[in-house]
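*Asks:*
Chains as they are written, first to last, in UniProt numbering: chain A, 1 to 428; chain B, 1 to 428.
#1: Whole-angstrom Cβ separation of residue 139/A and residue 143/B, contact assumed at under 8 Å?
#2: Leaving aside the five residues before and after residue 21/B along the sequence, list all residues of the same chain whose C-beta is less than 6 Å from its C-beta, in chain order.
#3: So if I threshold CB-CB distances at 8 Å, which residues from the region 28–60 of chain A count as touching chain B?
#4: Compile a chain-ordered list of the residues in the region 324–335 of chain B whose CB is closer than 9 Å to at least one CB of chain A.
#5: Using a Cβ-Cβ cut-off of 6 Å (strictly less than) and excluding sequence neighbours within five positions of residue 257/B, which residues of its own chain qualify?
#6: List the endpoints of the continuous beta strand (DSSP E) containing residue 260/A.
#7: On a Cα-Cα basis, can you pick out the residue from 302/B, 374/B, 107/B that is closest to residue 283/B?
#8: Tell me whether residue 277/B is buried or exposed, calling it buried when 16 or more other Cβ atoms sit within 10 Å of its Cβ.
#9: Just reading off the beta strand (DSSP E) that residue 76/A is part of, what are its end residues?
#10: With burial defined as no fewer than 16 other Cβ atoms inside 10 Å of the residue's Cβ, what is the status of residue 337/A: buried or exposed?
#11: Would you kindly work out how many angstroms separate the C-alpha atoms of residue 163/B and residue 14/A, rounded to a whole number?
#12: Relative to the C-alpha of residue 313/B, which residue among 348/B, 62/B, 79/B, 353/B is closest?
#13: Please confirm if residue 137/A has its CB atom under 8 Å from at least one CB of chain B.
#14: Is the region 302–311 of chain A close to the region 322–333 of chain A, with three or more CB pairs under 8 Å?
#15: Given that a residue counts as buried once 16 or more other Cβ atoms are within 10 Å of its Cβ, and exposed if not, what is residue 476/A?
#16: Within this structure, are the beta carbons of residue 264/A and residue 343/A separated by less than 8 Å?
#17: Please check the pair residue 126/B and residue 100/B, which I expect to be a contact at CB under 8 Å, by giving their CB distance rounded to whole angstroms.
#18: Does residue 143/A have its Cβ less than 8 Å from a Cβ in chain B?
#19: Whose C-beta lies closer than 8 Å to the C-beta of residue 136/B among residues of the same chain, with five residues either side of it excluded?
#20: In whole angstroms, give me the CA-to-CA distance for residue 360/A and residue 236/A.
#21: So with CB distances below 7 Å, who are the chain A contacts of residue 217/B?
#22: State the DSSP-derived secondary structure class of residue 165/A, mapped to helix, strand or coil.
#23: Pull up the distance between the alpha-carbon of residue 205/B and that of residue 11/A, whole angstroms please.
#24: Determine, using beta carbons only, whether residue 203/B and residue 192/B come nearer to each other than 8 Å.
#25: Could you name the residues that DSSP lists as bridge partners for residue 40/A?
#26: Distance, Cα to Cα, residue 195/B vs residue 233/A?
#27: Give the DSSP bridge partners of residue 257/B, in chain order.
#28: Counting only Cβ-Cβ distances shorter than 7 Å, please list the residues of the region 259–285 of chain B near chain A, keeping chain order.
#29: Does the distance from the CB of residue 429/B to the CB of residue 76/B come in under 8 Å?
#30: Among 335/A, 378/A, 422/A, whose alpha-carbon lies nearest the alpha-carbon of residue 354/A?
#31: Nearest-angstrom Cα distance between residue 61/A and residue 41/A?
#32: Can you tell me which of the three DSSP states residue 60/B falls into?
#33: To which residues of the same chain is residue 197/A closer than 6 Å at the C-beta, ignoring the five residues directly before and after it?
#34: Which residues in chain B have a C-beta closer than 7 Å to the C-beta of residue 151/A? List them in chain order.
#35: Can the beta-carbon of residue 178/A be found closer than 8 Å to that of residue 115/A?
#36: I need the DSSP call for residue 275/A, collapsed to helix, strand or coil.
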C-alpha cells in the first residue's frame, strides 16, 4: 500500500476550488487510477471566511502561501495564485527549496522565470508541472513532452487566448466593431484586470514561450516572442479576409529557422476551412507538427473551473504515479540558448491601406512594393464615398522586413491617409 | 548514467521500419529527452534478405519472434506484426513471461485478449503500451489515461478508420457510388487484405473497445461493440444528409447508460459544421468528454509510417523514462465487468425508405412509426420517375428498439420496395 500523495493548495479562486472539488468527489477513482490516495492537507488564500461553495474545514489553513509551501506534511505544492512576481514566485521557490514537487497554472511565472525555476527544481530532484498553464483543459504539454517525444518538432501553432478568439468571432458573427465587442467582453467578465494581457497577446505569448521551449529544447525566451495584439483589427479586415476564404485569428507560431527561433503571437489570416479557421468563441486549439507525426490538432476549452482543474489534476495524478518528466521535457542544463529570430520566414501578407483619393496614389504604393521586392498577388480598391480610398493587397510570399521597408517607403510619399494594417497569412 | 533501453522489434513492415529510422536518426534527441540511450538490439521478420531501405546490419536477427521476445538482452519487446492469434500473441506472452515490457500497435490482439494480457503483465510487474493501436499518431491513449485522469469520462467518440472516412468523403466530393470508391480505395492499397475489417467497422470497433476500457474502467469487451459497416451507405444518403446540414461518418461512440456500457461503431449523421463533420479523408479524430474537462477533440493522421512510428516511440520514451501506467489505466484486477447495453440511448434518426408508389403507402409508414411511439420531425418524399418512391424521414429522439419495431411493422405492410436505411444522428 503506497503512501498518500499530500497536497497543499495555494489560491482558492475558480481553479483552486475546482481542484478541491475533484479531489473530494473522485477520491476512489483517483486512487484506483494512481494506486495512491490523493489528499489535501492544507490550503492557502487571503480570506478564510469566504464561502467558496466547497467544504474546506478538514484542511489546515495558511494565510501565507510561503508557509504553506514549506510545510513538511505536503508532497506537492499546487500554485494557483497567479502573478509572476511576489507570493507565487516566493512560494514556488520555497516549495522547491524544501523538497516539494510543484504543480502550477501560472504561465506568467514560468514565462519569466521558467529556466531558473527548472534548474532549482532539478537541483532539488523535483519537478514543476504546468499543464494548466497552456490551453486550459487540453493535454498539450503532455502530448508534446511525452506522446510526441519521438518527433523532431518542426512547428507549433496555437490559438491560446479564448478572450481574443471570442472577440474576433463575435465581431464577425455580429458585425460589430472592435470597441463594442471589447466592451461586451468586459461586461461579461472575460477580460483580465489589465486587458492588455489578453488583447495585446501577452497572455498567449507567455503560453507560446512555454510550448516552444519544450518543442525545440530551448530555454524559455518570452522576450523573444514578437507580440502584436488584436486592437487594430477592424470589421473591414475580417470581412475582406472572409471574402478571400480566410479567418483572422490571434495565432501563436513557433518554428526554427536557419537564423534562430521565431516566436510570434499576432493576428494572422488562416484558411477558413482549416481547423484553426473553424475555431469559434473561447475554445483553444494547438497544432503540433513533427517530422514523424506530420500534424496533430488538439482542441478544447481554454479556461474555466472544470477544464483548468482537469489539467491540474492530470499533473497531480502523474506525480501520484511517480511520473516525473523534466520541467521542459529534458534537463534544464541541456536546454539550448537559441537566438530569437525575427519573423522573417517568407509568407504571403494581407495589407490594408488607406490612401488619399488622388491620381497617382495607387502607383506610388505599387512602386514602393516593387522597389522593396514585394510582389502583388491580388489588389483591390474597395468602394468609398469620401476622400480616402481603402486598398486591400495580398502579396506573394515575402519577408516581413521587405514588406516593412515598402510600408516605410509609402509613408514618405504623402499618399497614406492612415496607418497600414499588415497581417501574415499563415499556411496551416 | 542510466543503462540504455534495449529494444527487440518484431515486424519490419512500414511501421517497424519507421521505428528503426527514428531510433537511428534521433539517437541524441531521444537520449536528451529520456535521459537514456535507446538502442535496438535485435529484430525479427520473415525475410532477412529483403531491402527495407534502412540499415539493419548492426542488429541480431531472429526468424522466430518468440525467440526474439525471450532474449535476455532486451528490455522492451516491440510487437509490430499484427494479427490477434498466432505469432503476435505467442510472442507477446513470451515477452511478458520473461520480464519484458511490451509496446504494440496491435488493436486486434488487445481487443480480443487485452484483459488476459494485462493481467499477465501485472503479475510479472510489466506493462503493455499501445498508443499506436488507436488513431495512429494521435496521443489519445496517453491523453485519456494520464492527461484526463482527473475526469470521470462521460463519452468517447471517434472516427478511427481512415479508409472508411476516405470512402465517405470521396463519395461526397466526387459524387461517386460506394462500389466505385471502394474499388478506387482498393487500387490505392488503402484496404486491408480482408476489406471487411475496414468497411465493416471491425478495425475501428477494436479501437473503440480499447478506448472504452480505459475511459470507463471496464474490461475490454469487443464483443459488446455493436458493429455496422458503411457498405449500405448510398450517395443519396450522403446528399440528403448534406441537405439537412449533416455529414455521414463511421463513428464510434462509447458511453455508460443506466443499463450498462453502450459501444457502437456505425455510420452516423453528425452536424456538418462540427469538428467531426469537417473531418476529411484519412484523418482520424477522437472526441473525449469528461465531467471536468467538458470536451477535448484530438485530430491527426490515423495511419502511415511516420505517424504510427511516432506513437510507438512515445511509448518507448515513456518506458525509457520509467513511466509505467497500467495497461488500461488502472490495475487489471480493478477493471469492472460492465454489462454491454444495446444502443438504446435516445437520439433522432435518419431513415431512408423505398416505398411502392401507390396510394396509402405513406400512411402505412406513418402509422407504423406512430404505433411504435416514434414521432416524425421531418419527412420528405424525393422526386422519382419509376414505380418506387424514396422517402426520407428524420425522427424526433427515439430509442433504437422502437424504431426497429416500426421498421419491422412496415415490412409487414407490403409497401416496402427495399430494405430501409436507419442512421443515428449523434449529438456532438
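Where a beta carbon is used, it is the ideal one built from N, C-alpha and C, also for glycine.
*Replies:* Here's the rundown:
#1: Confirmed, Cβ separation roughly 5 Å.
#2: Excluding its 5 nearest sequence neighbours in each direction, residue 21/B has C-beta neighbours in its own chain below 6 Å: 54, listed in chain order.
#3: Taking 8 Å as the Cβ-Cβ cut-off against chain B, the residues of the region 28–60 of chain A that qualify are 29, 30, 32, 33, 34, 35.
#4: Residues of the region 324–335 of chain B whose Cβ lies closer than 9 Å to any Cβ of chain A, in chain order: 324, 325, 326, 329, 330, 331, 334.
#5: In chain order, 341, 345 place their CB closer than 6 Å to the CB of residue 257/B, counting only its own chain and leaving out the 5 sequence neighbours on each side.
#6: DSSP places residue 260/A inside the beta strand (DSSP E), whose first and last residues are 260–271.
#7: With distances taken between CA atoms, residue 283/B lies nearest to 302/B out of 302/B, 374/B, 107/B.
#8: Burial is judged here by how many other beta carbons sit within 10 angstroms of a residue's own beta carbon; residue 277/B has at least 16 and is buried.
#9: Looking at the DSSP string, the run of the beta strand (DSSP E) that includes residue 76/A is 76–79.
#10: Residue 337/A is exposed by the Cβ-count criterion.
#11: When rounded, the distance between both Cα atoms is 44 Å.
#12: Nearest of 348/B, 62/B, 79/B, 353/B to residue 313/B, Cα basis: 79/B.
#13: Closer than 8 Å: yes.
#14: No contact exists between the region 302–311 of chain A and the region 322–333 of chain A.
#15: One cannot answer for residue 476/A here, as it falls past the ends of chain A, which runs 1 to 428.
#16: For the pair residue 264/A and residue 343/A, the CB atoms are nearer than the 8 Å cut-off.
#17: In this structure residue 126/B is in contact with residue 100/B, their Cβ atoms being roughly 7 Å apart against a cut-off of 8 Å.
#18: For residue 143/A, the nearest CB of chain B lies under 8 Å from its own CB, placing it at the interface with that chain.
#19: Once the five neighbours on either side are set aside, the close Cβ partners of residue 136/B are 162, 284, 300, 301, 302, 303, 304, 307, 308, 311.
#20: Each residue's alpha carbon lies about 24 Å from the other.
#21: Correct list: 32.
#22: In this structure, residue 165/A counts as helix in the three-state DSSP scheme.
#23: Just so you know, the alpha carbons of residue 205/B and residue 11/A end up roughly 44 Å apart.
#24: Taking 8 Å as the Cβ cut-off, residue 203/B and residue 192/B qualify as a contacting pair.
#25: By DSSP's assignment, residue 40/A forms a beta bridge with 7/A.
#26: Each residue's Cα considered, the two are about 51 Å apart.
#27: Partner(s): 260/B.
#28: Those residues of the region 259–285 of chain B that come within reach of chain A (Cβ to Cβ, closer than 7 Å) are 275, 278.
#29: Examination of residue 429/B is not possible in this model, given that chain B is present from 1 through 428 alone.
#30: Checking every option, the nearest Cα to that of residue 354/A belongs to 422/A.
#31: For residue 61/A and residue 41/A, the distance between alpha carbons rounds to 9 Å.
#32: Taken through DSSP and simplified to helix, strand or coil, residue 60/B comes out as strand.
#33: In its chain, beyond the 5 residues on either side, 203 have a beta carbon closer than 6 Å to the beta carbon of residue 197/A.
#34: Simply 310.
#35: Contact flag unset, no.
#36: Three-state result, residue 275/A: helix.
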